[in-house]
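From first to last, the protein sequence lines are chains B and S.
Count along the first sequence starting at 1, add 22, and that's the number in our numbering.
Count along the second sequence starting at 1, add 6, and that's the number in our numbering.
These notes concern the structure reproduced below.
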Amino acid sequence: MLFKLSFKNIRKSFKDYMIYFLTLILGVAIFYVFNALDSQQAMLAVSSSTKGIMKLMVSMLSGVSVGVAFVLGFLIIYANNFLIKRRKKEFAVYMTLGMGKSGVSKILFGETVMIGCISLGIGLLIGVFASQFMSILVAKMFEADMTAFVFTVSGDAVIKTMIYFGIMYLIVILFNTAMLSKYQLIDLLHAKRKVEKSRLKNSYFAVLVFLLASLFLSYAYYSVTIDYSRLSESKIMIMIGIGCVTTYLIFWSLSGFLLKLVQKAGRVYLRGLNAFILRQLNSNVNTSVFSMTIICLLFFVTICVLSAGFSVTSSLKKQLTALTPVDINIYKSLDWPEEGHTPEQIEDSGLSVSETLDRLGIDKELFKEDWVETTIYAAPEYTVEKFLGTFAEKAAAKFPRMIFSTVEDIMGISEYNMLAERYGLPVYTLEEGKYIELCDFDDIAAIRNEALLAGTKVEIGNYTLEPQYTECQYGFVNISNLHSNSGITLVPDEVIEAELGKALGREKSFFAADYRAETREGKAKAEETILSIDGTQMAEAGLECDLDAMSKIAIYESSIGLATIATFIAIYLGIIFLIAGAALLALKELSESADNKERYQILHKIGVDKKMQNHALLWQMGIFFGFPMFLAVIHSIFGIQFAQNVLSVMYRKEDMIDMILVTAAILVLIYGIYFIATYTGCKRIIEER
Amino acid sequence: MADEILQVRHIEKYYGSKGNLTKAINDLSFAVERGEYVGIMGASGSGKTTLLNCISTIDKVTSGSIRVGGMEITNLKGSLLNRFRREDLGFIFQDFNLLDTMTAYENIALALSIQKKNAKEINQKVMEIAGQLGIVEILGKYPYQMSGGQKQRVAAARAVITKPKLVLADEPTGALDSKAARMLLQSMEYLNRDLDTTILMVTHDAFTASYANRIIFIKDGQVFTELLKEAGEARKTFFNRIIDVVTLLGGELQDVV
């Protein structure tokens, strides 16, 4: 009998529970999707070395899930409390009819169980389908082979989701019982809305606060973007603090400010329902300054984290293709000094990479025949400090950890061109008596450019070379995950010929090649041969030297893997925060709708037609929902710029736009669903007479 | 009469279904002339509130005709209905129905701004009516800062600022103490006498009713009798005549003053 009542209650108040349901279902679905990642087909298809990174990701995600469960748990309890409060009258009726508190508890218990089952069921269903899409996304990110698509359901994740949410529902039940036992029948019967003391503020004061807050916020914006170079770590914290406080103050003073503003423009204020809308807003916003602030900041963090997370992976992938034109680089330092080394070591240090490989008995057939070997030279006198000259001090301020006594890498122009041709990079022609500086590390290039513009001369032995270009040119030698070439000086071949052994020494032997194998497995096998070279193998070949290697596969796996983990966690947390924020706003607005109902009914009585009423409601809700978003977007514009400045050492700027759009789309979709659900919910409450 | 603002002809209002029919109004007819101040009295359940709801188009009659200013309103729909309510009627409710988020000024101005009047005109009219009803000094206050009587006078100002054909007052003194009630009734009297506002007031309070010029008594959904205040008649004697009728109604108006 009681169960029947529970069931009827749910069916009857389904629309009241819409936001609650929505939040539960979305929560369950997202929880499932991120916990089911490991059993997705994409995971099974990736290479074994990537699997390690995936394992790491899965375990990190499940760790984060505990935190997520807490956020969702609080949200669910909050939402539940809100709904229970709305139903005080109903409980009072049950109790006046002689039903005990235990009876009411049982009804609530039944309701929670039913809501739990329904939301779990629908949420898991959506989650299972969504995770198939997720699988495709994962496959793309990790470049897994997904030729045969199989529909998978993760039993573990289903059970885990059920346990976590089961616990949450259990807590909800306990809360309900505790809350009910506190209530007195008389309170329940007279549970009409408490008249919220309108905390009306002096409008002029609000205007003042608003302007001051905007001023401080602008200062913070300025500090983290334009004045970025003067930021210290403690100053960043202060700016974040200013950002939070001003956000609160702006919401606190917003409605007062708007009101004063529109009132001053009297004509607009007294047109139609404008005055009413502003007043509604004033009373709504005033009672929810804190939640709006939290929501705004959550959005801000979400937008920044999501867009940064997306950007990092997408820009990485684009960059990696360009930065790794060959499968492997092998290098070896040449011509060790006599001091501190045995004669054997010095002798072996004269061998180039290919000679060393020959001595090790590694067949060159492993590589395609278009492999390239070059030598990098250095002049002991020609250091970074020397090149930068008077600009060295400035550089030191910007890069405190840069070592200025390092010798600059020097290459002969024709040797470099050979490599560049192999890499598909631009080749250069050197005029007589000139040099070209190659550098693609933006920040260092900027400093070098100043030196080049000043016409810095390079002296090597008897040669004095002038810069051919006033800017660094694009090019690199080492394959890498970043634009990390901090400087290579290209000189005429005759300089190398004439000065080798005098002012110039051989620094490094450099070998670049593609594997002959075409398949993933073949490449992995070839790589194994190279990377497994160790001291014992060297000793067996009678060699006393070392080889270093950097491979495309290793670069891909390390950089994409970590960035992907970061992205996934960012997406996961971002969406959860977004849901939490949107649900809070929605509940806040719904809880006001009892008051709103009366006000709109008055409008109805004095002859405001339905169209105008809906229009007013839409505006009211739109501003209420829109403003935290709006401020968060403004925050983000500056926040993302700041993030770009921080990340610029690593990532190129233009890649971020796409990702910001993707982020915006996700945000707008979820937020939009909540907005529509709230608007229709409020409209319904207002319209029921 | 040529200048009848309100004509109610043979209206009926039934509630319930076939087997269980309640006749809230049963063949009721009367008329109100321009500039009249008419009171409607009756016990609870006599149908007076239903009648007011029907006239104010909040409720619909089962049959019969209601004309306001010559326009049939029983079959008005949608925007025409709202327009009628907005432009031709003014309301004074027992529980004031002021918007708690807005100041007195804004509450009064709202009635005009939803008619899309321009700001200058609105301001001028609000100040004018506030002066006439003695509420200028509370224009900047919110409803929760006002006394009941002040609220009701603000509501009255809102009701008449649009110069409606007919002002409907539903137990306007119901939530007021006697001093506030007296002040409000004097204000309404002023609106009627000096501003030519036509008022139809529903009440069960004989004292309140005695401010009207004519009283229509309703019993069981029908007109029971009518009393007309004679020219120069003191309100006190009119009040006594009302009490007589109330007594005649068989003590069914138990909660008279």
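For each residue, glycine too, the CB sits at the ideal point set by N, CA and C.
This structure is a prediction, so every number in the text was calculated from the model and none was measured.
Residues near residue i in its chain [Cβ-Cβ closer than 7 Å; skip 5 each side]
i, result
"B:T700", "I41, A608, E611, L612 and M643"
"B:L640", "Y701"
"B:K216", "Confidence is the limiting factor: at B:K216 the pLDDT is only 47, short of 50, which leaves the residue's position unreliable and the question unanswerable from this model."
"S:A181", "Q100, D101 and G154"
"B:L487", "G455, K456, Y457, K479, V480 and V513"
"S:V74", "I11, L12, D94, K171 and L172"
"B:S141", "F43, L46, I47 and V50"
"S:I144", "A110, M152 and Q156"
"S:S119", "I128"
Where the alpha helix (DSSP H) through residue i begins and ends
i, result
"B:K204", "G177 to K204"
"B:F232", "S225 to V246"
"B:A401", "Premise fails: B:A401 is in no alpha helix (DSSP H) and is neither H nor E."
"S:Q100", "S:Q100 -> no alpha helix (DSSP H), and no H or E assigned at all."
"B:S376", "V375 to R381"
"B:K30", "L24 to K34"
"B:T492", "From DSSP, B:T492 is part of no alpha helix (DSSP H); its letter is neither H nor E."
"S:T253", "R241 to L254"
"S:E93", "G84 to E93"
"S:K54", "K54 to I61"
Exposed unless 16 or more other CB atoms sit within 10 angstroms - verdict on residue i
i, result
"S:A237", "exposed"
"B:F498", "buried"
"B:C494", "buried"
"S:N26", "exposed"
"S:H16", "exposed"
"S:S85", "exposed"
"S:Q158", "buried"
"S:E239", "exposed"
"B:L460", "buried"
"B:G89", "exposed"
"B:I248", "exposed"
"B:F697", "buried"
Limits of the beta strand (DSSP E) - the one that residue i falls within
i, result
"B:S573", "D570 to S573"
"B:K354", "I350 to S355"
"S:E18", "E10 to Y21"
"B:M121", "Run containing B:M121: none; DSSP gives neither H nor E here."
"S:F36", "T28 to E39"
"B:E481", "V480 to I482"
"S:R73", "S69 to V74"
"S:G45", "Y43 to M47"
Neighbourhood of residue i by C-beta distance below 8 Å, restricted to the same chain and skipping five residues each side
i, result
"B:E453", "Q490"
"B:E521", "A401, I482, G483, N484 and Y485"
"S:Q121", "R92, E93 and T168"
"B:Y116", "G125, V126 and I129"
"S:I72", "L12, Q13, V14, R15, I17, C60, I61, E78, I79 and T80"
Nonlocal neighbours in the same chain, by C-beta distance under 6 Å from residue i, ignoring five residues either side
i, result
"B:K352", "One detail in the question is off: residue 352 of chain B reads as Ile in this sequence, not Lys. Answer for B:I352: V375, F533, L569 and A571, listed in chain order."
"B:Y485", "V517"
"S:D117", "Looking at the sequence shown, residue 117 of chain S is not Asp but Ala. If we look at S:A117 and ignore the five residues flanking it on each side, its Cβ neighbours are R164, I167 and T168."
"B:H657", "F322"
"B:I695", "none"
"B:T396", "E437, L441 and F532"
### Task
Enumerate, from N- to C-terminal direction, the unbroken beta strand (DSSP E) stretches of 3 or more residues contained entirely within the segment 495-561 of chain B.
510-513 and 527-535
### Residues of the segment 628-640 of chain B with Cβ closer than 9 Å to any Cβ of chain S, in chain order
I628, G629, V630, D631, K632, K633 and M634
### Task
With 7 Å as the limit, tell me which residues of the segment 101-118 of chain S have their beta carbon closer than that to any beta carbon of chain B; keep them in chain order.
N103, L105, T107, M108, E112, A115, L116 and A117
### Residues within the segment 298-321 of chain B neighbouring chain S, beta-carbon criterion of under 7 Å
F298, R301, Q302, N304 and S305
### Against chain S: residues of the segment 267-296 of chain B by CB proximity under 9 Å
G288, R289, V290, Y291, L292, R293, G294, L295 and N296
### Message
To test your reading of the DSSP string, which unbroken alpha helix (DSSP H) runs of 4 or more residues are found completely within the segment 183-238 of chain S?
### Response
184-200 and 212-215
### Task
With 9 Å as the limit, tell me which residues of the segment 696-709 of chain B have their beta carbon closer than that to any beta carbon of chain S; keep them in chain order.
none
### Query
Counting only runs that start and end within the segment 252-306 of chain B, where is the alpha helix (DSSP H) found for 4 or more residues in a row?
255-286 and 288-291
### Any alpha helix (DSSP H) of 4 or more consecutive residues that is wholly inside the segment 99-178 of chain S
110-119, 125-139 and 154-166
### Query
For the segment 410-461 of chain B, which segments carrying the alpha helix (DSSP H) assignment without a break, of at least 4 residues, lie completely within its bounds, in sequence order?
414-420 and 435-445
### Task
Determine which residues of the segment 134-145 of chain S have a Cβ less than 9 Å from any Cβ of chain B, and write them out in chain order.
none
### Task
Could you please tell me which residues of the segment 599-629 of chain B, in chain order, have their CB closer than 7 Å to any CB of chain S?
R621, I624, K627, I628 and G629
#### Entry: Near-chain B residues of the segment 26-44 of chain S - C-beta to any C-beta below 7 Å
none
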